[in-house]
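Chains as they are written, first to last, in our numbering: chain A, 1 to 219; chain B, 1 to 219; chain C, 1 to 219; chain D, 1 to 219.
Backbone N, C-alpha and C define an ideal beta-carbon position, used for all residues, glycine too.
These figures come from a predicted structure and were not determined experimentally.
To start, the structure itself, in structure tokens.
4 protein chains.
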Amino acid sequence: MKKEENNMEWLFDEEVSDSGDLTEKQKRIVKAAVEMFQEKGFSASSTSEIARRAGVAEGTIFRHYRTKKDLLLAIVTPVMSHLVAPFIVKDLDKVLKQDYEHYEDFLKAVVRNRQTFIRKHLPIVKILIQEIPFHEELRTQFIEHIAKDLFDRFGKVVVHFQEKGELIEIPSSSAIRLSLTAILGFFLARYIMVPDRDWDDEKEIELTVQFILHGLKAR
Amino acid sequence: MKKEENNMEWLFDEEVSDSGDLTEKQKRIVKAAVEMFQEKGFSASSTSEIARRAGVAEGTIFRHYRTKKDLLLAIVTPVMSHLVAPFIVKDLDKVLKQDYEHYEDFLKAVVRNRQTFIRKHLPIVKILIQEIPFHEELRTQFIEHIAKDLFDRFGKVVVHFQEKGELIEIPSSSAIRLSLTAILGFFLARYIMVPDRDWDDEKEIELTVQFILHGLKAR
Amino acid sequence: MKKEENNMEWLFDEEVSDSGDLTEKQKRIVKAAVEMFQEKGFSASSTSEIARRAGVAEGTIFRHYRTKKDLLLAIVTPVMSHLVAPFIVKDLDKVLKQDYEHYEDFLKAVVRNRQTFIRKHLPIVKILIQEIPFHEELRTQFIEHIAKDLFDRFGKVVVHFQEKGELIEIPSSSAIRLSLTAILGFFLARYIMVPDRDWDDEKEIELTVQFILHGLKAR
Amino acid sequence: MKKEENNMEWLFDEEVSDSGDLTEKQKRIVKAAVEMFQEKGFSASSTSEIARRAGVAEGTIFRHYRTKKDLLLAIVTPVMSHLVAPFIVKDLDKVLKQDYEHYEDFLKAVVRNRQTFIRKHLPIVKILIQEIPFHEELRTQFIEHIAKDLFDRFGKVVVHFQEKGELIEIPSSSAIRLSLTAILGFFLARYIMVPDRDWDDEKEIELTVQFILHGLKAR
DNA sequence: TATGAATGAGCGTTCATTCAT
DNA sequence: CATGAATGAACGCTCATTCAT
């Protein structure tokens with residue numbers, strides 16, 4: 001416990017720099033755009049309505065973002081790169097050895113940490129998921145980050161605990177998939193499909209983590 | 001095994017009646033629309049391009065479908081209702097007792113059956129997933145079918161095997177979620193995210209089912 | 001009185017041959033078209049809605065009327081030519097001498113006779129008035145009939161009574177205008193602007209005729 | 001005579017504010033629209049041709065007028081309200097007593113004043129007359145202004161001169177109708193039906209007014 | 001004779017983007 | 001930096017008309 005609390009900083013969410021250098025109007029544009037993209041999707045959202053909701057002139061949007069698509073990317077790419085940021089850490093092996101004795105510790109740290117991130121950036125995460133199929137740039141970035149970084153790192157973690165004899169010897173890609181889908185399935189249910197239910201997060205996370213652990217336990 | 005093969009008919013896919021009563025041109029319209037909706041999403045697809053791809057006049061589309069949205073719904077709703085059709089069966093308990101001695105048998109039957117369905121209707125399933133957030137009617141239908149029917153039925157199955165002592169005593173909603181996300185996660189990886197990989201379906205299904213079973217096994 | 005009743009036949013309305021040779025469907029088309037043209041005007045009425053209201057296929061309209069405009073003309077021209085029909089009579093002078101001792105008798109005969117006609121064909125008369133400005137053919141026909149025939153005949157009548165010393169010696173065109181606008185003004189009020197008022201037709205006609213007579217009386 | 005010239009200002013036409021606040025392009029749009037609406041009627045006029053005639057992009061029309069109908073109303077409603085403006089005057093009785101000794105003076109003032117108005121706004125007045133039957137809003141406004149205001153005021157005038165013993169004791173509604181239709185009939189002939197004839201306006205107005213006066217003179 | 005599927009031009013309107021102010 | 005008038009292409013959709021059945 002202490003360990004987690006002490007050393008999990010590498011997992012922590014360095015502020016997504018949405019707001020640092022943005023002007024007042026720019027912030028309102030981004031806010032309005034996020035709202036609209038989430039409600040109707042990117043291509044069904046019109047710049048004129050974004051401008052109206054933001055309380056700026058239509059031209060102002062194009063002063064800050066060359067095209068409507070630029071606006072989407074400006075909103076979505078920083079969140080995308082931070083989604084997997086925690087895994088981009090040097091000396092992962094060292095971290096693993098020092099901080100996570102068991103796969104359980106690792107999983108819980110990941111779930112908790114990503115939960116705060118998703119909770120915070122939920123609207124943009126939704127937009128990201130919706131728009132990825134339709135925008136080459138997003139897909140490329142996503143593959144770059146997720147496939148390369150996240151899978152590589154997560155793969156190392158899995159192999160690490162397989163070698164320790166904790167996890168069943170199945171292809172790491174399958175183990176990752178099974179771990180991730182259980183976690184993402186929780187987030188999906190928790191934040192997207194039935195966000196209004198009266199959730200006991202602690203219990204559900206425990207359930208989910210135990211499910212993964214038993215499912216992947218070496219037999 | 002024999003049982004499955006003999007009695008799984010209730011799970012089988014009665015033909016989705018896309019094509020029975022449709023005229024030649026109508027079929028071409030639907031085909032072109034499915035292509036476009038998948039490529040660019042509903043609202044970024046123009047009726048003029050759908051018409052061009054279908055090789056019909058634009059007016060012809062509107063003779064058959066009053067609005068562009070009607071076209072979407074005509075494509076997507078029959079698939080949606082068939083997605084969960086197998087679970088809409090009377091005497092589920094009887095079926096369970098006769099055909100599925102173990103949760104494993106049930107899971108495998110479901111996976112295999114839905115796999116053929118998804119494989120066949122993949123483009124439309126993708127469109128469905130993409131467009132659900134933006135169309136009230138789809139959302140309503142989805143909730144009606146999925147939340148009500150599927151969850152009820154699946155819940156009964158889970159409870160059935162919990163009572164038999166096979167499955168761990170956790171809330172059935174959690175057990176359903178964990179089962180489903182593992183299965184859907186497989187489909188997602190298999191057909192949407194990395195369809196081009198060289199998949200060994202039998203092995204992956206076995207892996208996935210065993211993962212669920214161990215994850216939910218009564219302890 | 002007797003005279004009027006006996007000899008006014010020349011003023012009477014030979015049946016407008018709308019319906020003689022028309023098929024059942026044709027009648028329904030005409031009926032629906034008249035309704036729509038009156039409600040929304042010719043160019044805002046669509047053949048598809050006319051067909052729907054008539055309960056026939058859209059093609060059927062074009063089997064009977066080559067174009068939408070032909071349909072309008074087929075409806076409107078027979079009524080137009082009958083509007084002024086009563087005045088197209090040979091030996092008008094003879095008729096005048098025999099039947100109408102005073103301008104008053106003539107005016108009353110005209111008003112009563114045209115009232116029954118207008119009452120009967122009101123919807124088509126309305127359409128006629130509405131569409132005349134926009135259709136060359138209608139305008140031509142109208143000028144042909146009204147300007148030439150009606151004004152010539154009416155002019156003769158006026159001159160006849162001026163020569164008898166009954167009417168003031170003003171240009172006959174002015175006398176016609178003043179007579180006609182008083183009569184038409186009554187019809188306009190009676191049938192178009194305030195048809196729902198509780199009209200005492202006899203009294204209003206008497207008032208109107210006396211107004212004209214006093215207005216035009218030789219001084 | 002002097003009186004009329006001195007005090008008729010209340011009857012005068014405060015400028016219809018068509019042009020004050022309109023941009024250059026807007027004026028061209030309105031001009032082109034008025035032309036087209038008059039030539040072909042509202043619903044047969046296309047926004048694309050209006051734009052072409054106005055020398056602006058089609059989109060520009062919709063920047064200033066949300067719909068084509070808005071454009072119509074923007075053109076037609078100010079003229080409609082000014083049509084009867086002269087009658088909307090306080091202390092009508094006082095005005096009558098001071099300025100119009102006889103019904104004749106009143107009639108002449110009205111005719112002359114409305115003649116300049118109609119002459120000036122003729123195209124729009126024509127459009128107004130044509131479109132009133134097809135647009136609920138116009139009809140409502142028209143009834144509001146004409147039925148309420150104009151008839152009330154005109155009624156008071158008629159009653160005033162009936163009480164003075166100048167006019168015959170018939171229902172004021174009939175007297176108004178007969179007066180108005182004679183005047184409007186003149187305008188109709190003068191400006192719409194045969195505008196090209198060589199009119200002697202003074203003579204025709206005199207004829208018309210005398211016709212009304214003799215027609216309505218107390219007997 | 002009657003149908004209604006099919007057409008493509010044209011409809012009113014919205015779009016993302018530009019640019020002079 | 002911000003505006004909003006202006007653009008013209010493209011939008012979803014309707015139109016009058018044709019024609020094979």
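Rounded to the nearest angstrom, what separates residue 56(A) and residue 120(A) at their Cα positions?
Position 56 of the first sequence holds residue 56(A). Position 120 of the first sequence holds residue 120(A). Each residue's alpha carbon lies about 26 Å from the other.
- Are residue 211(C) and residue 215(D) close, meaning C-beta to C-beta below 8 Å? For the purposes of this step, residue 211(C) is taken as the residue at position 211 of the third sequence. For the purposes of this step, residue 215(D) is taken as the residue at position 215 of the fourth sequence. Taking 8 Å as the Cβ cut-off, residue 211(C) and residue 215(D) qualify as a contacting pair.
- Task: Using the Cα positions of residue 13(B) and residue 44(A), report the straight-line distance between them to the nearest angstrom.
- Result: Taking the second sequence and counting its residues from 1, the one referred to as residue 13(B) is at position 13. Taking the first sequence and counting its residues from 1, the one referred to as residue 44(A) is at position 44. Residue placement at residue 13(B) is flagged as unreliable, the pLDDT there being 46, under the threshold of 50; a coordinate-derived value is accordingly withheld.
Contacts of residue 102(A) in chain B (Cβ-Cβ under 9 Å):
Start at 1 with the first residue of the first sequence, and residue 102(A) comes out as number 102. Those do not exist, as residue 102(A) stays about 17 Å from chain B at its closest Cβ, beyond 9 Å.
### Task
Under the assumption that residue 30(C) contacts residue 22(C) (Cβ atoms under 8 Å), give the Cβ distance between them as a whole number of angstroms.
Within the third sequence, numbered from 1, the residue matching residue 30(C) stands at position 30. Within the third sequence, numbered from 1, the residue matching residue 22(C) stands at position 22. Contact holds; Cβ gap of about 7 Å.
Review point. Can you find a C-beta in chain D that's less than 8 Å from the C-beta of residue 67(C)?
Key: As a position in the third sequence, residue 67(C) is number 67, starting the count at 1. Not one chain D Cβ lies under 8 Å of residue 67(C).
Checklist entry - Just to confirm, are residue 47(B) and residue 61(B) a CB contact at a threshold of 8 Å? => result For the purposes of this step, residue 47(B) is taken as residue 47 along the second sequence, with counting starting at 1. For the purposes of this step, residue 61(B) is taken as residue 61 along the second sequence, with counting starting at 1. Yes, these two residues count as a Cβ contact at 8 Å.
Tell me which residue opens and which closes the alpha helix (DSSP H) that residue 83(D) is part of. If you number the fourth sequence from 1, residue 83(D) lands on position 83. Per DSSP, residue 83(D) belongs to the alpha helix (DSSP H) from 68 to 83.
With a threshold of 16 other CB atoms inside 10 Å of the CB of residue 208(B), please say whether the residue is buried or exposed. The residue given as residue 208(B) occupies position 208 in the second sequence. The residue in question, residue 208(B), is buried, as its Cβ has 16 or more Cβ neighbours within 10 Å.
Cβ neighbour criterion (16 or more within 10 Å) applied to residue 181(D): As a first step, residue 181(D) is located in the fourth sequence; it is residue number 181 there, counting from the start. Classification for residue 181(D): buried.
Quiz item: Since residue 79(D) and residue 124(D) are thought to touch, with beta carbons under 8 Å apart, how far apart are those beta carbons, to the nearest angstrom?
Solution: Along the fourth sequence, one-based indexing puts residue 79(D) at 79. Along the fourth sequence, one-based indexing puts residue 124(D) at 124. Yes, residue 79(D) and residue 124(D) are in contact; Cβ-Cβ is about 5 Å, under 8 Å.
- Query: So, is the C-beta of residue 81(C) closer than 8 Å to a C-beta in chain D?
  - Reply: Here residue 81(C) corresponds to residue number 81 of the third sequence, with the count starting at 1. No, residue 81(C) lies away from the interface with chain D (no Cβ there is under 8 Å from its Cβ).
> Which bits of chain A does residue 297(B) rub up against, with CB to CB less than 8 Å?
Replying inline: Look at the range of chain B in this structure, 1 to 219, and you will see that residue 297(B) is not part of it.
* **Cβ contact check for the region 136 to 155 of chain D and the region 167 to 187 of chain D: 3 or more pairs under 8 Å** => yes
| Does residue 174(A) get closer than 8 Å to chain B when you measure Cβ to Cβ? | As a working mapping, residue 174(A) is identified with position 174 in the first sequence. Yes - at least one Cβ of chain B is within 8 Å of the one on residue 174(A).
- request: Would you mind sorting residue 204(A) into buried or exposed? The rule is 16 or more other CB atoms within 10 Å of its CB.
  value: Translated into positions along the first sequence, residue 204(A) becomes position 204. Buried is the call here.
8 Å is my cut-off, CB to CB: does residue 153(B) come that close to chain A?
For the purposes of this step, residue 153(B) is taken as the residue at position 153 of the second sequence. By this cut-off, residue 153(B) is not an interface position.
Write down every uninterrupted run of the alpha helix (DSSP H) in the region 131 to 170 of chain A whose length is 4 residues or greater and which is fully enclosed by it, in chain order. 136 to 142, 151 to 163
Can you tell me whether residue 185(A) is buried or exposed, with buried defined as 16 or more other CB within 10 angstroms of its CB?
As a first step, residue 185(A) is located in the first sequence; it is residue number 185 there, counting from the start. By the neighbour-count rule (16 or more Cβ atoms within 10 Å), residue 185(A) is buried.
**Asked** Taking the C-alpha atoms as reference points, what is the distance between residue 49(A) and residue 147(D)?
**Response** Within the first sequence, residue 49(A) is the residue found at index 49, counting from 1. Within the fourth sequence, residue 147(D) is the residue found at index 147, counting from 1. Cα-Cα distance, rounded: 42 Å.
Starting from the beta carbon of residue 204(B), find every residue of chain A whose beta carbon is closer than 7 Å, and list them in chain order.
If you number the second sequence from 1, residue 204(B) lands on position 204. In chain order: 174.
Straight-line CA distance for residue 144(B) to residue 213(A)?
-> Within the second sequence, the letter at position 144 stands for residue 144(B). Within the first sequence, the letter at position 213 stands for residue 213(A). Their Cα atoms are separated by approximately 33 Å.
| Can you list the residues of chain B that residue 150(A) reaches, using a CB-CB cut of under 8 Å? | To locate residue 150(A), count along the first sequence from 1; it is residue 150. Residues of chain B passing the Cβ test: none, with the nearest at roughly 13 Å.
Can you pull the DSSP bridge partners for residue 217(A)?
By one-based count along the first sequence, residue 217(A) stands at place 217. In DSSP, residue 217(A) forms a bridge with 167(A).
request  = Leaving aside the five residues before and after residue 38(A) along the sequence, list all residues of the same chain whose C-beta is less than 7 Å from its C-beta, in chain order.
outcome  = Along the first sequence, one-based indexing puts residue 38(A) at 38. Around residue 38(A): 123, 126, 127.
Can you give me the Cβ contacts of residue 28(B) inside the same chain, cut-off strictly under 7 Å, excluding the 5 residues immediately before and after it? Stepping through the second sequence from its first residue, residue 28(B) is reached at position 28. 54, 55, 56.
Any C-beta of chain B within less than 9 Å: which residues of the region 114 to 144 of chain A qualify? 126, 130, 131, 133, 134
query: What's the C-alpha gap between residue 189(B) and residue 64(B)?
result: Within the second sequence, numbered from 1, the residue matching residue 189(B) stands at position 189. Within the second sequence, numbered from 1, the residue matching residue 64(B) stands at position 64. Straight-line Cα distance between these residues: approximately 36 Å.
### Task
Out of 149(C), 198(C), 202(C), 93(C), point me to the one whose CA is closest to residue 82(C)'s CA.
Position 82 of the third sequence, counting from 1, holds the residue named residue 82(C). Comparing Cα-Cα distances from residue 82(C) to each of 149(C), 198(C), 202(C), 93(C), the minimum goes to 149(C).
Can you tell me where the alpha helix (DSSP H) with residue 36(B) in it begins and where it stops?
-> The residue given as residue 36(B) occupies position 36 in the second sequence. Its alpha helix (DSSP H) spans residues 24 to 40.
Exercise. Count the other C-beta atoms from every protein chain shown that fall within 10 angstroms of the C-beta of residue 32(C), then say buried if there are 16 or more, exposed otherwise.
Key: Locating residue 32(C) in the third sequence gives position 32, where the first residue counts as 1. By the neighbour-count rule (16 or more Cβ atoms within 10 Å), residue 32(C) is buried.
In three-state DSSP terms, what is residue 196(A)?
Within the first sequence, residue 196(A) is the residue found at index 196, counting from 1. Residue 196(A): coil per DSSP, three-state reduction.
Note to self: Assuming residue 95(A) is part of the alpha helix (DSSP H), what are its boundary residues?
What the structure shows: Taking the first residue of the first sequence as 1, we reach residue 95(A) at position 95. Run containing residue 95(A): 92 to 99, per the alpha helix (DSSP H) assignment.
For this session: Go through its chain and collect everything with a Cβ distance to residue 115(B)'s Cβ below 6 Å, but skip five positions before and after it.
Result: If you number the second sequence from 1, residue 115(B) lands on position 115. Once the five neighbours on either side are set aside, residue 115(B) has no close Cβ partner at all.
_So the candidates are 70(D), 71(D), 24(D), 101(D); which of them puts its Cα closest to the Cα of residue 161(D)?_
Within the fourth sequence, residue 161(D) is the residue found at index 161, counting from 1. Ranking 70(D), 71(D), 24(D), 101(D) by Cα distance to residue 161(D) puts 101(D) first.
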